[in-house]
Amino acid sequence: MGSTHSDEGTSEARVDWLAEQLERHSDLYYNKAEPEISDADFDALRDELQLLSPNHPQLSRVGSDPPPGSEKVDHLFRMMSLDKANSDEEVSHFVSETTANGRRFVCQPKLDGSALSLEYRRGRLIRAATRGNGRRGEDVTAKARRMMNVPEKLGWDGDCHVRGEVVMPLQVFREKYSEVAPNPRNLAAGALRQKYADAGKGSPRDLQFLAYGVEFPSDKDRHPDSPEPPEFKLDSEIISWIGEMGIQVAGNHVVSGDDDTTTTESILAVTREWLESRDSADWEIDGVVIKLDRLDKRGLLGETAHHPRWALAWKFPAEEAVTVLWTSSGRPGGRATSPRFRV
Numbered sequence: 217m218g219s220t221h222s223d224e225g226t227s228e229a230r231v232d233w234l235a236e237q238l239e240r241h242s243d244l245y246y247n248k249a250e251p252e253i254s255d256a257d258f259d260a261l262r263d264e265l266q267l268l269s270p271n272h273p274q275l276s277r278v279g280s281d282p283p284p285g286s287e288k289v290d291h292l293f294r295m296m297s298l299d300k301a302n303s304d305e306e307v308s309h310f311v312s313e314t315t316a317n318g319r320r321f322v323c324q325p326k327l328d329g330s331a332l333s334l335e336y337r338r339g340r341l342i343r344a345a346t347r348g349n350g351r352r353g354e355d356v357t358a359k360a361r362r363m364m365n366v367p368e369k370l371g372w373d374g375d376c377h378v379r380g381e382v383v384m385p386l387q388v389f390r391e392k393y394s395e396v397a398p399n400p401r402n403l404a405a406g407a408l409r410q411k412y413a414d415a416g417k418g419s420p421r422d423l424q425f426l427a428y429g430v431e432f433p434s435d436k437d438r439h440p441d442s443p444e445p446p447e448f449k450l451d452s453e454i455i456s457w458i459g460e461m462g463i464q465v466a467g468n469h470v471v472s473g474d475d476d477t478t479t480t481e482s483i484l485a486v487t488r489e490w491l492e493s494r495d496s497a498d499w500e501i502d503g504v505v506i507k508l509d510r511l512d513k514r515g516l517l518g519e520t521a522h523h524p525r526w527a528l529a530w531k532f533p534a535e536e537a538v539t540v541l542w543t544s545s546g547r548p549g550g551r552a553t554s555p556r557f558r559v
């Protein structure tokens with residue numbers, strides 16, 4: 217009996233520690249742009265918590281709460297996370313679970329940046345907000361207006377919320393910032409929130425916004441003079457429409473097959489193609505996002521508190537070569553940061 221109680225206590229302590237670590241590292245990643253562990257290590261912590269306590273509330277959390285003192289924005293549409301996969305078998309399972317006789321998917325590069333929502337009213341940009349915790353983000357409108365490719369006016373006079381990723385082009389990073397920041401993602405997140413503004417180490421003008429989706433407000437939330445939103449049956453149609461409105465979009469492949477096996481093979485071929493070309497890409501890419509193309513099928517599948525069931529993020533294998541070592545330095549109180557590696 218003593219051993220059983222001891223094991224339970226140890227397990228509960230481990231669960232508490234894992235939840236605390238996930239919350240801490242989410243704050244470091246999303247709010248401070250100072251991650252101390254890799255994405256793979258973060259995912260390993262989350263997977264262990266999932267195994268020990270499948271219903272733990274930390275597993276339903278998205279991103280991190282906006283930092284104290286920042287101007288908050290409530291998202292009209294939640295900015296959710298994505299379920300992740302690292303193996304071909306997980307992709308195959310996703311396809312078989314989501315097709316529902318609709319074997320058509322959109323594959324987009326998973327950009328390693330910061331999620332952003334651009335709100336347009338009557339076709340004009342009125343607000344930009346970070347993802348935050350998915351329901352509430354930080355207002356970064358002033359910074360977004362200074363970015364190189366965020367349009368003030370759309371080619372349509374309606375209301376919409378455009379979702380996408382803020383990234384720093386690799387060429388810009390190499391030419392201007394490689395000596396002052398560990399990687400483009402951290403610098404982009406910091407520049408968007410003006411982390412490096414005082415030191416002159418980053419500027420929103422060096423950032424780009426790449427869209428991957430859009431949401432249209434319902435009648436009660438639209439401006440009374442806003443036209444009805446366009447009707448779409450496919451996500452690939454939405455992506456094309458966003459581009460026509462003057463917003464740069466992430467590249468995409470539409471993939472389909474006669475059955476689950478051929479569909480999975482086609483998707484995996486796309487993931488391999490992007491994996492092989494990642495070194496020549498204009499931005500850092502750390503995987504491929506796979507989404508069911510038919511919007512009606514998405515509605516049937518729904519979502520969890522954490523992610524939609526109709527989308528999956530396939531992560532690239534971690535690169536082995538260590539190119540940069542950022543040494544740690546002590547913090548007040550005697551606590552030292554962990555060494556950070558860029559690989």
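The opening residue of the sequence shown carries number 217 in this note's numbering; numbering runs sequentially from there. Positions of the beta carbon are idealized from the N, C-alpha and C atoms, including for glycine.
At least 9 Å separates the beta-carbon of Leu370 from that of Met295.
Straight across, the Cα-Cα distance linking Arg379 with Arg347 is about 10 Å. Inside the segment 423-494, DSSP marks whole alpha helix (DSSP H) runs of 4 or more residues at positions 451-460, 476-493, from first to last along the chain. An exposed status is given to Lys436, since fewer than 16 other beta-carbon atoms sit within 10 Å of its beta-carbon.
Following the DSSP letters along the chain, one finds Pro325 inside the beta strand (DSSP E) bounded by residues 320-327. Apart from the 5 residues on each side of it in sequence, Asn349 sits with its Cβ closer than 8 Å to the Cβ of Arg277, Val278, Gly279, Ser280, Asp281, Pro282 in its chain, given in chain order. For Asp299, the CB contacts under 6 Å within the same chain, skipping 5 residues up- and downstream, are His523, Leu528 in chain order. In terms of CA proximity to Ala301, Ala260 leads the group Ser442, Ala260, Leu408, Pro445. The segment 334-344 and the segment 497-510 do not touch, with fewer than three beta-carbon pairs separated by less than 8 Å. DSSP lists Ala529 as the bridge partner or partners of Lys300.
CA-to-CA, the gap between Trp233 and Lys392 works out to about 39 Å. For Arg352, the secondary structure class from DSSP, reduced to helix, strand or coil, is strand.
For the 9 Å CB-CB criterion, Leu265 and Leu238 form a contact. About 31 Å separates the CB atoms of Pro533 and Ile463; that is not less than 8 Å, and the two are not in contact. Note on Ser496: under 16 other CB atoms within 10 angstroms of its CB, so exposed under the neighbour-count rule.
Looking at the backbone, the Cα of Val307 and that of Ile455 are separated by about 23 Å.
If you draw a 10 Å sphere on the C-beta of Leu268, you find fewer than 16 other C-beta atoms in it, and that means exposed. Contact between Pro385 and Val504 does not hold, since their C-beta atoms are separated by about 20 Å, which reaches or exceeds 8 Å.
Of the residues assessed, Val396 falls on the exposed side of the cut-off, its CB having fewer than 16 other CB atoms within 10 angstroms. By the Cβ neighbour-count rule, Gly285 is exposed, with fewer than 16 other Cβ atoms within 10 Å of its own.
If you ignore the 5 residues before and after Met364, its C-beta comes within less than 8 Å of the C-beta of Arg421, Asp422, Leu423, Gln424, all in its own chain and listed in chain order.
Taking 9 Å as the cut-off, the beta carbon of Ser419 is found no closer than this to the beta carbon of Glu381. Remark: C-beta atoms of Ile458 and Val430 approach each other more closely than 9 Å. The segment 331-396 contains, as complete beta strand (DSSP E) runs of 3+ residues, the segments 340-346, 352-354, 376-383 (chain order). In the DSSP annotation of this structure, the continuous segment of the beta strand (DSSP E) that includes Leu508 starts and ends at 501-508.
Around the beta carbon of Asn271, fewer than 16 other beta carbons sit within 10 angstroms, so the residue counts as exposed. Looking at the DSSP output, Lys288 sits in a beta bridge with Glu354.
The Cβ-Cβ distance between Ala235 and Leu327 does not fall below 9 Å.
Closest option to Gly473, judged by alpha-carbon separation, among Arg320, Trp499, Arg351, Asp263: Arg320. Here DSSP, grouped into helix, strand and coil, assigns Glu519 to strand. CA-CA distance, Pro251 to Pro440, rounds to 44 Å. Per the C-alpha coordinates, the member of Arg494, Arg352, His291 positioned closest to Pro433 is His291. In the three-state reduction of the DSSP assignment, Pro273 falls in the helix class, which pools H, G and I.
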